[in-house]
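One structure is given here, and the rest of the page talks about it.
Chains as they are written, first to last, in the working numbering: chain A, 1 to 114; chain B, 1001 to 1110.
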């Protein structure tokens, strides 16, 4: 499986600011995804990061709030914009494999908004 | 819509066997996945079923019945380190996206 890293691993931010989370993979992958995991909850898909085109967002998530970049096949960023305490969560990127569709997850970014 | 149900919590004894059930109703199906997630860590892949039947991987086995929309994860010879959340997820074949159940928090006691 691919080695996936995320930066930052954690951050504490002020309300109204924005944070960009980076996801780096050690090999080229077609599919990259961004998830949110709120405290004590399971994973919710935010969007699919498409290389060379706009991300595909799930219901309840919009580009203005969660802009995503995917400049190449090894890297993606997720920005959490105009943050509020409700955005406090763990944000995880994952990479998908063709065929089985198994996804492997990065270590996550723990965000706290004050 | 997508609906994936798992028990919220389970408790079992070290050395015992535990079965974690998952039922699903999804608009499509291209495989069911089980992940383990320890507190504060990312989910790690455990198993994958796309055809009916049992897949065995050491102490962990996973079963699928597509006609019943049902899967279970079987953990044998439980160890304290197996205390974690176990997440059931379905690939509904829409861009290889996974939809996750709420997770089952398993507590293994001595």
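Every residue, glycine too, gets a C-beta built ideally from N, C-alpha and C.
Could you tell me whether any Cβ in chain B is nearer than 8 Å to the Cβ of residue i?
i, result
"residue 19 (chain A)", "no"
"residue 5 (chain A)", "no"
"residue 39 (chain A)", "no"
"residue 43 (chain A)", "yes"
"residue 103 (chain A)", "yes"
"residue 48 (chain A)", "yes"
"residue 92 (chain A)", "yes"
"residue 83 (chain A)", "no"
Would you verify that the beta carbon of residue i is, or is not, closer than 8 Å to some beta carbon of chain A?
i, result
"residue 1070 (chain B)", "no"
"residue 1030 (chain B)", "yes"
"residue 1042 (chain B)", "yes"
"residue 1103 (chain B)", "yes"
"residue 1048 (chain B)", "yes"
"residue 1097 (chain B)", "yes"
"residue 1051 (chain B)", "no"
What residue range does the beta strand (DSSP E) around residue i cover?
i, result
"residue 72 (chain A)", "68-72"
"residue 7 (chain A)", "4-7"
"residue 1109 (chain B)", "1104-1109"
"residue 43 (chain A)", "43-49"
"residue 1057 (chain B)", "1053-1057"
With a threshold of 6 Å on Cβ separation, who are the neighbours of residue i within its own chain once the five nearest residues in sequence on each side are excluded?
i, result
"residue 12 (chain A)", "112"
"residue 1003 (chain B)", "1025"
"residue 1030 (chain B)", "1091, 1093"
Ordered along the chain, which non-local residues of its own chain (more than five positions away) have a Cβ less than 7 Å from that of residue i?
i, result
"residue 1061 (chain B)", "1054, 1055, 1074"
"residue 40 (chain A)", "none"
With H, G and I counted as helix, E and B as strand and the rest as coil, what does DSSP make of residue i?
i, result
"residue 1081 (chain B)", "helix"
"residue 87 (chain A)", "helix"
"residue 110 (chain A)", "strand"
"residue 10 (chain A)", "strand"
"residue 1006 (chain B)", "coil"
Which same chain residues end up closer than 8 Å to residue i when comparing Cβ atoms and leaving out the 5 residues on each side of it in sequence?
i, result
"residue 2 (chain A)", "25, 26, 27, 29, 95, 104"
"residue 1110 (chain B)", "1013, 1014, 1080"
contact_flag[the region 27-34 of chain A, the region 92-108 of chain A] where n(CB pairs < 8 Å) is 3 or more: yes
Contact the region 47-65 of chain A vs the region 1035-1045 of chain B: 3+ CB pairs below 8 Å: Result no; under three Cβ-Cβ pairs closer than 8 Å.
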